[in-house]
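Notes follow the structure.
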Amino acid sequence: MIYIDSNAIIYLLHDIKPKSDLVIKYMAEHDEIFTSLRTIEEVSYILVRVKASQQYGARGVHDVRRVIDKHGLNFVLNDLIALRKLVNENNILVLNDTATIDEIHETMTSYKLLPGDAIIALTCKHYGISTILTFDSDFKRVPWLKVIP
Numbered sequence: 001m002i003y004i005d006s007n008a009i010i011y012l013l014h015d016i017k018p019k020s021d022l023v024i025k026y027m028a029e030h031d032e033i034f035t036s037l038r039t040i041e042e043v044s045y046i047l048v049r050v051k052a053s054q055q056y057g058a059r060g061v062h063d064v065r066r067v068i069d070k071h072g073l074n075f076v077l078n079d080l081i082a083l084r085k086l087v088n089e090n091n092i093l094v095l096n097d098t099a100t101i102d103e104i105h106e107t108m109t110s111y112k113l114l115p116g117d118a119i120i121a122l123t124c125k126h127y128g129i130s131t132i133l134t135f136d137s138d139f140k141r142v143p144w145l146k147v148i149p
């Protein structure tokens, strides 16, 4: 059982070699693959931000918001469909994030994590997931997680 983090999903979606090959390899070695709504949100935002930058020159969250306000989200629909397809075709189970405010802040300060990473670490702990597929070395500071690759 493994948790797949946002960067691994992005490498798969954009077929960024050699990292996408590593992600495929590790996913094939595990019967149960999980992610969470937090990670899906991160990936979705990255897809919107990258596409808004490529097509409209957006440089930051305020520019992205202006692009969405002016053009809607049609420019990224294919990418969002690809994300859902990747999740469905690989039988990735999307978990609800589980953490309290106190747990998030304690995990942030104890392991020097950003809030989103603390939520992911706590979600893994809650569901008994001990391995995370990520290229984010910050998770190596979390004692209950084994980071692969």
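Residue 23 in the numbering used here sits at position 23 of the sequence shown, and the numbers go up by one each step. No residue lacks a Cβ here, since even glycine has one placed at the ideal position from N, Cα and C.
Residue nearest to residue i in terms of C-alpha spacing, selected from the options
i    : options               : result
R65  : L80, R49, Q55, N74    : R49
I132 : L13, H30, D15, P18    : H30
S6   : N78, W144, V94, K125  : V94
D136 : G128, Y127, L114, N74 : L114
D102 : K17, A118, Q54        : A118
H105 : D97, G116, N96        : G116
K112 : N90, D138, E89, D97   : D138
I46  : M1, D79, T109, E89    : D79
H14  : H62, A82, D63         : A82
H96  : E41, M1, K70, L22     : At residue 96 the sequence reads Asn, which differs from the His that was named. Taking only the C-alpha atoms, the option nearest N96 is E41.
Assigned exposure category for residue i - 16 Cβ within 10 Å defines buried
i    : result
R59  : exposed
I10  : buried
S36  : buried
A99  : buried
V43  : buried
A28  : exposed
I16  : exposed
V142 : buried
T39  : buried
V61  : exposed
CB-CB length for residue i against residue j, believed under 8 Å
i   : j    : result
A8  : T134 : 6 Å
Y26 : I129 : The Cβ separation is near 14 Å, so there is no contact.
K51 : V87  : Rounded, the Cβ-Cβ distance is 19 Å, inconsistent with contact.
Own chain residues within Cβ distance below 8 Å of residue i, not counting five before or after
i    : result
R84  : none
W144 : A121, C124, K125, S130
Proximal residues to residue i (C-beta, below 6 Å), its chain only, five neighbours per side dropped
i   : result
I92 : I33, T35
N74 : none
Y56 : V67
Neighbourhood of residue i by C-beta, 7 Å cutoff - its chain only, sequence neighbours within 5 removed
i    : result
K140 : V147
S20  : Y11, L12
Chain B within 8 Å of residue i, Cβ atoms only
i   : result
V76 : Checking the listed chains, one finds no chain B in this structure; it contains a single protein chain.
Worksheet entry | Completely contained beta strand (DSSP E) runs for the stretch 79-110, where each covers 3 or more residues | 92-95
Practice prompt. Taking only runs that begin and end inside the stretch 34-58, name each unbroken alpha helix (DSSP H) of 4 or more residues, in chain order.
Written response: 37-56
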